[in-house]
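Take a look at the structure set out below.
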Amino acid sequence: MSTTTAAEELAGLSATTLLRFATAGSVDDGKSTLVGRLLHDSKSVLTDQLEAVEHASRSRGSAEPDLALLTDGLRAEREQGITIDVAYRYFATPRRRFILADTPGHVQYTRNMVTGASTADLAVVLVDARNGVIEQTRRHAAVAALLRVPHVVLAVNKMDLVEYKESVFAAIAEEFTAYAGHLGVPEITAIPISALAGDNVVEPSANMDWYGGPTVLEHLETVPVSHDLTSCHARLPVQYVIRPQTAEHPDYRGYAGQIAAGTFRVGESVTVLPSGRTSKIAGIDLLGQAVDVAWTPQSITLLLEDDIDISRGDLIVPSGDAPATSQDVEATVCHVADTPLTVGQRVLLKHTTRTVKAIVKEIPSRLTLDDLSQHPDPGQLVANDIGLVKVRTAEPLALDSYADSRRTGSFLLIDPADGTTLAAGMAGESFASAEDPKSLVDDEGWDF
Amino acid sequence: MTTVAAVSEETDSPYALSHLDALESEAVHIFREVAGEFERPVILFSGGKDSIVMLHLALKAFAPAPIPFSLLHVDTGHNFPEVLAYRDRVVAEHGLRLHVAHVQDYIDRGVLKERPDGTRNPLQTVPLTEKIQAEKFDAVFGGGRRDEEKARAKERVFSLRDEFSQWDPRRQRPELWQLYNGRHAPGEHVRVFPLSNWTELDVWQYIARENIDLPEIYYAHERPVFSRNGMWLTAGEWGGPKEGETVETRLIRYRTVGDMSCTGAVDSDATTIEKVIVEIAASRLTERGATRADDKMSEAAMEDRKREGYF
Chain W
1 MSTTTAAEEL AGLSATTLLR FATAGSVDDG KSTLVGRLLH DSKSVLTDQL
51 EAVEHASRSR GSAEPDLALL TDGLRAEREQ GITIDVAYRY FATPRRRFIL
101 ADTPGHVQYT RNMVTGASTA DLAVVLVDAR NGVIEQTRRH AAVAALLRVP
151 HVVLAVNKMD LVEYKESVFA AIAEEFTAYA GHLGVPEITA IPISALAGDN
201 VVEPSANMDW YGGPTVLEHL ETVPVSHDLT SCHARLPVQY VIRPQTAEHP
251 DYRGYAGQIA AGTFRVGESV TVLPSGRTSK IAGIDLLGQA VDVAWTPQSI
301 TLLLEDDIDI SRGDLIVPSG DAPATSQDVE ATVCHVADTP LTVGQRVLLK
351 HTTRTVKAIV KEIPSRLTLD DLSQHPDPGQ LVANDIGLVK VRTAEPLALD
401 SYADSRRTGS FLLIDPADGT TLAAGMAGES FASAEDPKSL VDDEGWDF
Chain R
1 MTTVAAVSEE TDSPYALSHL DALESEAVHI FREVAGEFER PVILFSGGKD
51 SIVMLHLALK AFAPAPIPFS LLHVDTGHNF PEVLAYRDRV VAEHGLRLHV
101 AHVQDYIDRG VLKERPDGTR NPLQTVPLTE KIQAEKFDAV FGGGRRDEEK
151 ARAKERVFSL RDEFSQWDPR RQRPELWQLY NGRHAPGEHV RVFPLSNWTE
201 LDVWQYIARE NIDLPEIYYA HERPVFSRNG MWLTAGEWGG PKEGETVETR
251 LIRYRTVGDM SCTGAVDSDA TTIEKVIVEI AASRLTERGA TRADDKMSEA
301 AMEDRKREGY F
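These protein sequence lines map, in sequence, to chains W and R. For the first sequence, position 324 matches number 324 in the UniProt record's numbering, and the numbering has no gaps at all. For the second sequence, position 311 matches number 311 in the UniProt record's numbering, and the numbering has no gaps at all.
In structure tokens, the structure reads:
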């Protein structure tokens, strides 16, 4: 589907796809080193950046260039030597382009991992081979599962410090896979690495001939970014109505938006929510070009056969495949603001292109990520808490379950007073149905 | 356990978008969100390649209707004449409304002082922020990309600025999914960066794919330049060369376009877009490292300027 030009071919970058991924790891698991090595070995660190890092490292009194200075972009981060906020990195190989959400590993920054994971197709969870699966690892796995990141890579780092032993890796991989599988993480790939020595990051390791799987980069290059869309419920949130009212286009009335899920075809019957009015797709404009079919995540303009009342915030769906509308939302939320979220609080709820007034009716439970236990009636959620909430909205919303669609099942809670983003919401069941971890291990065994 | 074999087949899914298509779709989504949620948005337009790509994306996002935004240019008084000519041509061609804030006016009124090093880049902040306040713009599109600089890597797509236009990196709103929160109080505004996830190479590949016309200074040409702080600067009335600096004619091109006093040229024989792309793909220097003097002032130069309201 990509349009290649002579220029793209010349640069050897034709027909590449884009993978968004996030990294998560505890403070000393070597996340910066892994990110540094991915950037460095894929030749994405350029001479002047490296010189700046060398210069800054020297002025701080260290002989070796500190690769963390590449990624810690804020004055306060460099001063404290920690990563405070999500940073986005870009690198490319001839096979694919990458957007990396580099998220801090501190316990108090769960919201940052949620931020990074919300747009990620893949999450890399780092563990230190010497420590194995720790509380923080379980927390990272749980966030990836909760956000329904389609692919999870377990990078067992510092293999050089455990003599590259297969048994150490196998035990960690087995424990993690059982735990994450139980949470419903659909695909887990475990890779033994040493970010410092470069084993299995970009180049295959000569120290672990027992491992036959891909390197981290190889896996990032081949993991699928798009799925079979034919089974997805098609959804188009209307962003903007395009009405030129010019001599050339006196009657043009197009509904612009980015397809949130599935595919739309010319001739298809559609229903507009929440009004329930129906029409047929008369045409699809893909940024100025008429097409017969369009799919997520294309930004398009839809033309309908009938002149019906549609505005920003409405949802166009295939007739016969409409989500139920409701004023009662049950969801898992991650609280991201410094002020707490309390029962009875009046908020704004932003779902796709629609923002409505809402009230927090109930906070039935707060989740402890370490052991996934539920604490009933916490009364409030504070920063970085994850909990179940029941919200009543002033107008009906057409929410899908987050499990069906990350885009139409997600929402924000916003403070109406000052616009602060309070919470990230995911409608419906919080975790996928638990698999029996034992059968998972017994049936499939290990293929490394 | 791994499903890599099954995976590779799926990569050729008919529904896979190329990276340029994905970036384009995301940027158009951002333009339309702003059009849907704000009263008075404006596009910062310098005549540089990033703002030219922004304008192209905006034209596509609202076609066949005109862009529902006006343009704003901060004229440092030291702009490349070719770029100003390009700016005026584009404005006329698409029937756009252009606001211009002049740094020179502020210097003439004594509000701003010429710096000893002659660069006017940091002086843009005051005219920019005053124009935003005066015109009551509530969303200001900028062409900033996160790959440009490490402080920019921390920037959100929607970046809330207070009534002094200040950026506070520690008080940024988390940005979740594609749900951009643009709420702001009167007097505050939101900076919006639709090209956040693009790299320099993406921009050039897109320019090639879409056949976008650029000011000619982006392509190799002969020009009288002189060397200052390791960069080739264009000689001119703005203040160069000084004593001890000698002008020579070299085959060069520009990777970025900004104030003449701090935008360096690179030696290049890339006269076509194909050659430019090959050159960039092979370059071992970042765009800003190669051509911007002002970012070298300190380790946090960009962060400090952004805090004050720079774009």
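Glycine residues also receive a C-beta, built at the ideal position from the N, C-alpha and C atoms.
Asked                                                                                                                               : Found
Touch test, the segment 120 to 128 of chain W against the segment 86 to 98 of chain W, Cβ-Cβ under 8 Å, three pairs minimum         : no
Segment contact, 8 Å Cβ cut-off, at least three pairs: the segment 360 to 374 of chain W with the segment 340 to 350 of chain W     : yes
Candidates W:L381, W:M113, W:F264, of which the one nearest A24 of chain W by Cα                                                    : W:M113
Closer than 7 Å to chain B by CB, G61 of chain W                                                                                    : Looking for chain B here will not work: the only protein chains present are W and R.
Cβ-Cβ separation, E26 of chain R to G182 of chain R (assumed contact under 8 Å), whole Å                                            : Not confirmed; about 16 Å, so no contact.
Bridge-paired residues (DSSP) for Q374 of chain W                                                                                   : W:L367
Length of the line joining the Cα atoms of T137 of chain W and E174 of chain W                                                      : 14 Å
C-alpha gap between D304 of chain R and L72 of chain R, whole angstroms                                                             : 23 Å
The segment 156 to 163 of chain R contacting the segment 177 to 193 of chain R, beta-carbon criterion three pairs below 8 Å         : yes
Three-way DSSP call (helix, strand, coil) for M426 of chain W in this model                                                         : strand
Any beta strand (DSSP E) of 3 or more consecutive residues that is wholly inside the segment 157 to 186 of chain R                  : 158 to 161
C-alpha gap between residue 521 of chain W and D29 of chain W, whole angstroms                                                      : This structure gives no information on residue 521 of chain W, because the portion of chain W shown stretches from 1 to 448.
K357 of chain W - partner residues in DSSP beta bridges                                                                             : W:L348
Cα-Cα separation, V201 of chain W to N157 of chain W                                                                                : 10 Å
Cutoff 7 Å: Y219 of chain R Cβ touching any chain W Cβ                                                                              : no
Short CB-CB distance (under 7 Å) between G288 of chain W and chain R                                                                : yes
Proximal chain R residues relative to H249 of chain W, where beta-carbon distance stays under 9 Å                                   : P64, A65
Residues in the segment 297 to 317 of chain W having any Cβ partner in chain R nearer than 7 Å                                      : P297, Q298, S299, R312
Supposed close pair V389 of chain W, G313 of chain W - CB separation, criterion 8 Å                                                 : Incorrect: roughly 22 Å between the Cβ atoms, too far for contact.
Cβ-based burial, V391 of chain W [other Cβ within 10 Å; buried from 16]                                                             : buried
Interface residues of the segment 31 to 46 of chain R facing chain W [CB-CB below 8 Å]                                              : R32, E33, A35, G36
Backbone CA spacing between R277 of chain W and P396 of chain W [nearest angstrom]                                                  : 15 Å
Chain W contact residues for H29 of chain R, given Cβ-Cβ distances below 9 Å                                                        : Q239, G257, Q258, P297, S299
Three-state class that DSSP yields for V133 of chain W in the structure shown                                                       : coil
Environment of Q124 of chain R [buried if 16+ CB atoms lie within 10 Å]                                                             : buried
Chain R within 7 Å of T271 of chain W, Cβ atoms only                                                                                : no
Under 7 Å between C-beta atoms of A423 of chain W and L399 of chain W                                                               : no
Cut-off 6 Å between Cβ atoms - residues of its own chain near L196 of chain W, not counting five sequence neighbours on either side : T33
Contact belief for Y219 of chain R with V257 of chain R at Cβ below 8 Å, rounded distance in angstroms                              : Contact flag wrong, Cβ pair sits at about 12 Å.
Residue-level contact to chain R via CB, Y179 of chain W, 7 Å cutoff                                                                : no
Buried/exposed call for V111 of chain R, threshold 16 Cβ in 10 Å                                                                    : exposed
Identity of the residues DSSP links to N157 of chain W by a beta bridge                                                             : W:D128
Beta-carbon proximity list for G445 of chain W, same chain, < 6 Å, skipping 5 on both sides                                         : With a pLDDT of only 35 at G445 of chain W, under 50, the local geometry of the prediction cannot be trusted, and no value is derived from it.
Proximity test, Cβ basis, 7 Å: T199 of chain R and chain W                                                                          : yes
Contacting residues, own chain, Cβ-Cβ under 8 Å from G77 of chain R (five flanking each side not counted)                           : H102, V103, Q104, I107, R120, W238
Secondary structure of D29 of chain W, DSSP reduced to three states                                                                 : coil
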